[in-house]
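Numbering (UniProt numbering), first residue to last: 1 to 445. The C-beta atom is built at its ideal place from N, Cα and C for all residues, glycine as well. I have placed the structure first, in the form of structure tokens, so that the comments after it can refer back to it.
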Amino acid sequence: MTLANGCDNQETERMSDLLARHRAVMPAWLALYYDTPIEIVSGKGNRLTDAEGRTYLDFFAGIVTNTLGYDVAEVRDAVERQLARGVAHTSTLYLLRGQVELAEKIARLSGIPEAKVFFTNSGTEANETALLLATCARGSDQVLAMRNSYHGRSYGTTAVTGNRSWKNSALSPLNVHYLHGTDRDLPAFRALSDAGYIDACVADLREVLATAAAPDLACLIAEPVQGVGGLTAPPDGLLAAYKEVLDEHGILFVSDEVQTAWGRTGEHFWGIGAHGVVPDAMTFAKGLGNGVAIGGVVARGDLMDVLPANSLSTFGGNPIATAAANATLDYILDHELQTNAARLGEVLMAGLRPLVETLPSVAAVRGKGLMLGMELVRPGTGEPAPELAAAALEATRERGLLIGKGGLRGNVLRMAPPLTLHEEEAREGLEVLVEAVSAVDAAAR
Ligand code: PLP
Numbered sequence: 001m002t003l004a005n006g007c008d009n010q011e012t013e014r015m016s017d018l019l020a021r022h023r024a025v026m027p028a029w030l031a032l033y034y035d036t037p038i039e040i041v042s043g044k045g046n047r048l049t050d051a052e053g054r055t056y057l058d059f060f061a062g063i064v065t066n067t068l069g070y071d072v073a074e075v076r077d078a079v080e081r082q083l084a085r086g087v088a089h090t091s092t093l094y095l096l097r098g099q100v101e102l103a104e105k106i107a108r109l110s111g112i113p114e115a116k117v118f119f120t121n122s123g124t125e126a127n128e129t130a131l132l133l134a135t136c137a138r139g140s141d142q143v144l145a146m147r148n149s150y151h152g153r154s155y156g157t158t159a160v161t162g163n164r165s166w167k168n169s170a171l172s173p174l175n176v177h178y179l180h181g182t183d184r185d186l187p188a189f190r191a192l193s194d195a196g197y198i199d200a201c202v203a204d205l206r207e208v209l210a211t212a213a214a215p216d217l218a219c220l221i222a223e224p225v226q227g228v229g230g231l232t233a234p235p236d237g238l239l240a241a242y243k244e245v246l247d248e249h250g251i252l253f254v255s256d257e258v259q260t261a262w263g264r265t266g267e268h269f270w271g272i273g274a275h276g277v278v279p280d281a282m283t284f285a286k287g288l289g290n291g292v293a294i295g296g297v298v299a300r301g302d303l304m305d306v307l308p309a310n311s312l313s314t315f316g317g318n319p320i321a322t323a324a325a326n327a328t329l330d331y332i333l334d335h336e337l338q339t340n341a342a343r344l345g346e347v348l349m350a351g352l353r354p355l356v357e358t359l360p361s362v363a364a365v366r367g368k369g370l371m372l373g374m375e376l377v378r379p380g381t382g383e384p385a386p387e388l389a390a391a392a393l394e395a396t397r398e399r400g401l402l403i404g405k406g407g408l409r410g411n412v413l414r415m416a417p418p419l420t421l422h423e424e425e426a427r428e429g430l431e432v433l434v435e436a437v438s439a440v441d442a443a444a445r
């Protein structure tokens, strides 16, 4: 099944010209998808159009940012209304009505008692803020993080990132200890049941606290489902079991919900909901503004108020961003998109899971709601196959479908369509995905 049109020489030339200009003025470490990267120029519904006029069904929601897809009237109108007011004052030095309203909604939805909210422009800044709050509150630079995690690209957030390919620096402002919890496939854990694995991980945490870390750690930061890490997740309940131990020591727990918030995981509004525990703080970004930059932290009021000095954010929670975010959040709640994520996640899972049996290069299909991953390995050896993931990305793109990739070893396809996905689109994307991965698998044998 092919959804895209062909592309002639002139178009290819224009794209390679832009690519050359990109390479000349932008950092070498700025990753680009595809052998011939795509220039997206517009979007409508759950589809995107590139500069050559080809359309794609978007199975990655931008980069897990466009919860509602593209050109959504409610979001456009809210932003245009704010633009028509001359954008108006941006910084937190002035009262911003939209910001207060958004904070009230997020505080209420968080389930955190007496919650307060601070807005940022990105997930990186949100996590940086949460780390600042926790380290100040506890007077400690010792932090627990999960292996294979991704928390951002600043000094502090790369420090807690546990995935080598996203760790830019060996230097760290924090003293970090990494925990097991998302590595069931290690030989030591493979044979364990969920309950057995949880026990082993809790024993690991106790051992780290008793022998490795100095006393008075600041916090644990963890993603309920690791997106960049390749859709690896702690078994439901593990983060609650961790929290019990952390509470014994007064150590704070930060849930990084940058990918898992707003109903994306289907069953729960926040990813942490699957663990039956309320964290001390949650960080969010990506899907809140439907493509407009906004992030933030929601935390217990006493934790949020711990910073001793004046602070402000020039752009965090600015009127344009909060207009987009209020409209997006209202839309998610009014249209019960979480239920749609749960239902269509099952449709996708039911279509993809059989590939584990039928295609030797598909080692696993996993995820929650509309957050799914497919792990690819070399047929015969079972070695991680980043080259097959890259080939599958090209094969889906050729057929007019955009997906993502990631994983500790770069061999996991990532699917996270807008939560507004329709069932016909889910089936259409599924068909393309199965055809593309089957073609890649056949060529690899
Ligand atoms: N935390 C998680 C779980 C993420 O997936 C990401 C980005 O992919 C971030 C933090 C960083 O967010 P941003 O790219 O908005 O800085």
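In this structure, P173 sits near G156, with a CB-CB distance shorter than 8 Å.
Assigned with DSSP and collapsed to three states, N175 falls in strand. Beta-bridge analysis with DSSP links R414 to G373, G404. Membership of T322 in the alpha helix (DSSP H) is indicated by the continuous run 319-334. Secondary structure at D35: coil, using DSSP grouped into helix, strand and coil. Listed as beta-bridge partners of R47 by DSSP are K44, L57.
For D71, the three-state secondary structure derived from DSSP is coil. L186: not part of any beta strand (DSSP E); DSSP gives it neither H nor E. By the beta-carbon neighbour count (other beta carbons within 10 angstroms, threshold 16), A159 is buried. Exposed is the label assigned to D17, since fewer than 16 other Cβ atoms lie within 10 Å of its Cβ.
Within the segment 233-306, the complete beta strand (DSSP E) segments of 3 residues or longer fall at 252-256, 281-284, 295-300, listed in chain order.
Of all C-beta pairs linking the segment 84-95 to the segment 64-72, fewer than three are shorter than 8 Å, placing the two stretches out of contact.
The C-alpha of A240 is placed about 10 Å away from the C-alpha of L246. Secondary-structure assignment with DSSP links M349 through no beta bridge to anything. Residue range 194-207 is occupied by the alpha helix (DSSP H) that includes I198.
Burial check for E248: the Cβ neighbour count within 10 Å stays below 16, so the residue is exposed. In this structure the segment 249-267 touches the segment 122-130; the number of beta carbon pairs closer than 8 Å is three or more. Annotation: L393 to C136 spans about 43 Å, alpha carbon to alpha carbon. Burial of T420 is indicated by the presence of at least 16 other C-beta atoms within 10 angstroms of its C-beta. For Y178, the shortest C-beta to heavy atom distance toward ligand 1 is 7 Å or greater.
Counting the other CB atoms within 10 Å of its CB gives M374 a total of 16 or more, which places it among the buried residues. E104 sits away from G301, with the two beta carbons spaced by 8 Å or more.
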